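Reviewing the structure listed below.
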Amino acid sequence: MADDSTLNGLRAALDAYVDPYLGETLGATQALQELKGTAAGASYAFAWDFLWEAITIELAAGLKAHLAVAGINTTLTIELVADIRSHAVQRNLKPIGEIKNVVAVASGKGGVGKSTVAVNLALAWAAQGARVGLLDADIYGPSQPIMLGLEGQKPSTTDGKHLVPLAAHGV
Numbered sequence: 016m017a018d019d020s021t022l023n024g025l026r027a028a029l030d031a032y033v034d035p036y037l038g039e040t041l042g043a044t045q046a047l048q049e050l051k052g053t054a055a056g057a058s059y060a061f062a063w064d065f066l067w068e069a070i071t072i073e074l075a076a077g078l079k080a081h082l083a084v085a086g087i088n089t090t091l092t093i094e095l096v097a098d099i100r101s102h103a104v105q106r107n108l109k110p111i112g113e114i115k116n117v118v119a120v121a122s123g124k125g126g127v128g129k130s131t132v133a134v135n136l137a138l139a140w141a142a143q144g145a146r147v148g149l150l151d152a153d154i155y156g157p158s159q160p161i162m163l164g165l166e167g168q169k170p171s172t173t174d175g176k177h178l179v180p181l182a183a184h185g186v
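Throughout the sequence shown, residue numbering follows the numbering used here, covering 16 to 186 in sequence.
Structure (structure tokens):
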């Protein structure tokens with residue numbers, strides 16, 4: 016198990032690591048939630064306000080190389096936590112139930128790929144672990160059901176007032 020001075024040195028080295036995607040140090044991001052010694056080495060948990068599970072392997076390799084350059088050779092267990100906060104709604108509006116954030120994909124012109132962009136964003140966020148819903152408000156030609164493999168299916172209702180949404184691919 017690592018002692019306090021070892022953990023302090025490890026923290027300083029981790030804080031100095033420059034994330035290649037963010038372009039800033041982990042210390043500047045203030046993402047550190049917990050650093051503790053373990054029987055095998057150390058455990059480092061941090062959170063950002065975006066999802067990025069897909070690059071955990073890259074991050075672990077980058078941190079290992081960074082620590083080796085700093086002369087620190089320890090087994091490091093990394094835990095990533097997505098801490099996505101709700102944005103405030105506009106004045107005079109009330110939040111809707113469990114909906115934390117809304118992303119609108121819009122354009123003043125038709126046929127530019129809005130539906131494709133919306134589906135791809137939803138699928139990417141769902142693949143990263145987000146709870147995602149998608150509303151296709153195109154009354155002339157909703158294409159999301161086709162892109163999600165739900166063509167011909169209709170939402171159901173349990174009480175005649177609320178729709179039970181269709182689900183596919185985690186969306």
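Note that CB positions come from ideal geometry on N, CA and C, so glycine has one too. Bear in mind the structure is a predicted one, so any value in this text is a computation, not a measurement.
Nearest to residue i (by Cα), restricted to the options the options
i: K169; options: K176, G175, L163, P180; result: P180
i: Y155; options: E39, G125, A121; result: G125
i: I161; options: T173, H184, I72, A27; result: H184
i: E73; options: S122, Y36, S158; result: Y36
i: E49; options: D64, L25, F65, T71; result: L25
i: E94; options: A60, D64, A103; result: A60
Residue i beta carbon near the ligand NAD (any heavy atom closer than 7 Å)
i: T90; result: Inclusion of the ligand NAD in the displayed structure is not the case, the ligand content being empty and no account of it being possible.
Residue span of the beta strand (DSSP E) that contains residue i, given as start and end
i: I93; result: 90-97
i: K51; result: 47-52
i: G56; result: 56-63
Cα-Cα separation, residue i to residue j
i: A119; j: G56; result: 44 Å
i: E39; j: L91; result: 21 Å
i: A182; j: D174; result: 19 Å
i: T53; j: I70; result: 24 Å
query: Along the chain, which unbroken stretches of the alpha helix (DSSP H) at least 4 residues long are found entirely within the stretch 108-160?
result: 129-142
task: Take every Cβ of the stretch 78-91, pair it with every Cβ of the stretch 22-41, and state whether three or more of those distances are shorter than 8 Å.
output: yes
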